[in-house]
Structure formats: C-alpha cells, structure tokens
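Working notes, beginning with the structure itself.
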Amino acid sequence: DWSSDVCSSDLSNQNYFYQHINLNSSAQVGQMNHVRASRLIAIIITSLCVVAMCGLGFWQLDRMEQKQQRIVSITEKQGKGSLSLIDALSTTDPTDRAVTFKGTPDGDKVLLLDNQIHEQRVGYDVLAPVQTNAGWVLVNYGWLPAPDFSRTLPSVSISHDAQHFEGVVSQPSHNPLVKETLTSASRFPARIQQISISTASELLSLNLLPYVVVLTAKNDLFVRRYNSVVMPPEKHLGYAKIGRASCRERV
C-alpha cells in the first residue's frame, strides 16, 4: 500500500509538471503569435501610408500640370480682349473669357452664396439672374460681409434697370462634400451653399444658361474678387515635394 501511494504521488507530480510545461509553452506561443500579428499590422499600416503619400504626391504633380495648362489657356483667351456674351458662348469653350454685355437684372430674386471668406472675414457672394440677348444668365455681383455671427442675411439692393456688365465667364464646380440645404425659396434673398445651375433654375423658376458671369469692374457696394485659379501651381509642387519626402522617410 505504501509503495502504491508513493507511485501515485510520483505520477501526480509528473502530470502536474508536464501540464505546467504545456501551459507555459502555450502561453509563450500565444505571446509570440501576438507579437507577430502586431508587427504584421504595423508593416501593413506603414505600407499603406507610404502608398497613400506617394499617390498624393503624384496627384499633386498632376494638378500642378493642369493648373499650368489652365493659366496658359486663360492668358490666351483674355489676351484677345472682351467678347460679347453671345459671341463668347458660341465658342468651343467660353470659360474664362472676358465678356461685356447689356442686360436687365431681376433684383427681386437674389441668391446669397454662404461661407465666402475675404480677408479673414465671413460673408456672401451675391448672385442674381440677368436677362440678356443670349438668355437668362446668373451673375455674381461680388462679395458682401456678413452683418453679424447670428446668420443674419445682409441687406442687398440690385437695380432692375437695364445696364452694361463686364465680367468673366465661369463654370460652377460641384463640391461633393457640400450639401445644398435649400430646396425651395419662398422669399428672397435666399441662402445657398454652392452654385448649381440646375438648382438655381428651379429656385428662380428660370431657364438659366449653364454658366455664371463673375463681374470684374470696380464697384462701391461689392468686393469684386475674380480668381481664375484658387491655388497656384507652385503650391501643388510644394505639396508634392512633401509627399515624396514622406515616402523616402518611411521606406
């Protein structure tokens, strides 16, 4: 009996020893797997960052080239002098052409483009439809400061008289990050978030031409600030260099 108890005790100790070793081995294996997984995730994230930064660098270079080509095109177009609006619209690409025309504004249907910044002040671009010999066209009269920070709309007075206009033909660009909140206008002036010819046509109940004329002649009431290119090519080149430098640091 004594020998049986001793054997049983030895077997129990051996089983405990092997179980302890197995547990330690399993823990070590699990820890190693966790470390490997963490390293793999870090490598994947770093690789994705490198690819993204390189991609942004090439995209900036492409944007720089597009801006350079557009500046050349604008210089060529505006170097030929002003055209009548109807003559400009008859060209293949009327965008960025300087125009002069006579028209009659509808001063009762004013649209205010929200969140426009001028010299670090928030304000609105004032737009109104003008009837011309080419049809109804949306005209950007210029910028006005916001009266206060309570979202109060500025007081706007647009003459209804026929008059001569000087400006540049512009084609509104769509920003997918900006959502238009105004779907109908019961009174004017009406605040809009971005210029959409189709939306403006519905709001104004007019068949508008697919362009906006940005007025350029000096005016005492409005700030005229036509910018053919918002970001110069040099800035795109600078961003591209930053992207390439980031790629080299991470490789």
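Each residue of the sequence shown is one higher than the one before, counting from -9 in the working numbering.
Backbone N, C-alpha and C define an ideal beta-carbon position, used for all residues, glycine too.
Which partner residues does residue i have in the DSSP bridge list?
i: residue 121; result: 94, 126
i: residue 182; result: 103
i: residue 139; result: Residue 139 pairs with nothing; no bridge assigned.
i: residue 51; result: Its beta-bridge partners do not exist; DSSP assigns none.
i: residue 155; result: 91
i: residue 45; result: Per DSSP, none; premise fails for residue 45.
i: residue 115; result: 103, 133
i: residue 108; result: 111
Determine the direct distance from the alpha carbon of residue j to that of residue i, and round the result to whole angstroms.
i: residue 197; j: residue 99; result: 14 Å
i: residue 176; j: residue 30; result: 59 Å
i: residue 52; j: residue 121; result: 39 Å
i: residue 96; j: residue 202; result: 15 Å
i: residue 27; j: residue 166; result: 38 Å
i: residue 42; j: residue 35; result: 10 Å
i: residue 148; j: residue 216; result: 19 Å
i: residue 81; j: residue 40; result: 44 Å
i: residue 206; j: residue 131; result: 9 Å
By alpha-carbon positions, which one of the options ends up nearest to residue i?
i: residue 204; options: 165, 52, 127, 181; result: 127
i: residue 114; options: 207, 191, 184; result: 184
i: residue 178; options: 143, 79, 214; result: 143
i: residue 151; options: 210, 94, 135, 37; result: 94
i: residue 187; options: 65, 43, 129, 42; result: 129
i: residue 164; options: 189, 153, 141; result: 189
i: residue 191; options: 210, 211, 101, 141; result: 101
Would residue i and residue j be called neighbours here (beta carbons separated by less than 7 Å)?
i: residue 133; j: residue 110; result: no
i: residue 89; j: residue 116; result: no
i: residue 194; j: residue 119; result: yes
i: residue 124; j: residue 75; result: yes
i: residue 168; j: residue 136; result: no
i: residue 245; j: residue 214; result: One cannot answer for residue 245 here, as it falls past the ends of the chain, which runs -9 to 241.
i: residue 155; j: residue 91; result: yes
So is residue i in contact with chain B if we call contact Cβ pairs under 7 Å?
i: residue 206; result: Given the protein chain composition of this structure (a single chain), no chain B is represented.
Could you check whether the Cβ of residue i sits closer than 6 Å to any heavy atom belonging to the ligand MN?
i: residue 52; result: This structure lacks the ligand MN; in fact it carries no ligand of any kind.
If you pair each beta-carbon of the segment 157 to 167 with each one of the segment 78 to 94, do three or more pairs fall below 8 Å? Per the Cβ contact rule, the segment 157 to 167 is in contact with the segment 78 to 94 (3 or more Cβ pairs under 8 Å).
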